[in-house]
Every structure is written in C-alpha cells, then in structure tokens.
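Novice: Here you go, one structure.
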Amino acid sequence: MGFSMYIGLCCLGILITNPFLGAKAASCPRDWLQKQGNCYGYFDNKLDWDAAELECQSHGPGCHLASILSPQEAALVSAYVRDKRESSSQVWIGLRDISGKRRWRWADESTFNYKAWVAGQPDNYKHNEHCVELTNYSGFKLWNDDFCSNQNAYVCKYQL
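What follows is the structure, encoded as structure tokens:
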C-alpha cells in the first residue's frame, strides 16, 4: 500500500506541475503585454519572416507572429512596440502572401478583414514582397509588404 500510494502521489505531482498539460496559463510571460485575452511579445533581435514565425511558435502552442484584427488592436500593438523597441527596425507581423498571388493570410489563420496599408501598398516590388511589416516611419501603425528574407524585429501573439 505504501509504495502504490507513493507512485500515485508522484504521478499527481507530475500532472499538477507540468506546464504542457491541463489548462492554459492565465497570465503572460514576463515582459509580454497582456490585453484583450491575448499575450503579445516584442523581440528586437533581427530575423527573417520565416525564422521569426518559428521563434514565435517556440513560445508554445498557438503562438505565432501577431495578427492585427482591428483598429483598436493596431493601436495597442503600435504603442507596445514603440515602448519596447531598442532599434529603428521595421517589425514583422504575421501577415503573408504564401502563394505570391496577393492572397494575404495570417499565420494564426485568423480571418483577414482589417487592413492598415501605407498609401500605395502593397506594391509587390520586384514581384517578390510577400511578407508584412509594421513601418517605423508610421509609428508602427501602418503596414508595408516587403521581402521575407529581410531581417526585422518581430511581435508574437497568442490567446490566453
């Protein structure tokens, strides 16, 4: 009886303390912004779009480069980036034209309805701009399509 009780308590302890089992965390990691049921993380290290998306995914299930789905969320992300940034880099978000046919999709598969393009964008310069960045010169409020191979800071997002 003593040994089986010990094993049972050990298993219970593993279930309770394992962060990958059970309910999602109720709060965001340190230095991330928690608003409107989402966590946002800004990273100033420069990566191309694909590497930035993989880095976001490494933060846990459902974490991707940020989708921006409304003017309110755009203002929130813009203020957060301006507060956190350490360089003058543009900032990757999770919008991409995977097919090269101007069919924009969010990395987290959210519906693409809200748009905040810089005037004249997207322009698909040299027929090779398939990833979207927040522009420094707009205070990180407006979007530009750019080469996915460019090295930018990035914003990750996941739902609580």
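Take the sequence shown: its letters are residues -25 to -1, 1 to 135, numbered as in mature numbering (1 follows the signal peptide of the UniProt record, and there is no 0). Cβ atoms here follow ideal geometry from the backbone N, Cα and C, with glycine treated the same way.
Just tell me which of A54, Y89 and L40 has its CA closest to the CA of C131.
Specialist: The candidate whose alpha carbon is nearest that of C131 is L40.
Novice: From this set, F18, E28, S42 and G95, which residue's C-alpha is nearest Y89's C-alpha?
Specialist: The option with the nearest alpha carbon to Y89 is S42.
Novice: Could you check the C-alpha separation between S85 and R5 for me, to the nearest Å?
Specialist: 25 angstroms
Novice: Taking the alpha helix (DSSP H) that C31 belongs to, which residues open and close that run?
Specialist: W24 to Q32
Novice: According to the Cβ coordinates, are C106 and W81 closer than 8 angstroms?
Specialist: Going by C-beta atoms, C106 is not nearer than 8 angstroms to W81.
Novice: Let's see if you can read the secondary structure: which residues bound the beta strand (DSSP E) around R71?
Specialist: V66 to R71
Novice: Can you give me the C-alpha to C-alpha distance between N13 and Y133, rounded to a whole angstrom?
Specialist: 6 angstroms
Novice: Using the C-alpha atoms, what's the distance from Y129 back to D19?
Specialist: 7 angstroms
Novice: Report the rounded CA-to-CA distance for I73 versus S63, giving the unit in angstroms.
Specialist: 27 angstroms
Novice: Between R78 and the rest of its own chain, which residues show a CB-CB distance below 7 angstroms, the 5 nearest in sequence each way excluded?
Specialist: D72
Novice: In the DSSP assignment, the beta strand (DSSP E) including Q11 goes from what residue to what residue?
Specialist: Judged by DSSP secondary structure, Q11 falls outside any beta strand (DSSP E); it is assigned neither H nor E.
Novice: Pick from D121, K10, H102 and Y17: whose alpha carbon is nearest that of Q47?
Specialist: K10
Novice: Cα separation between L109 and L117?
Specialist: Roughly 6 angstroms separates the two Cα atoms.
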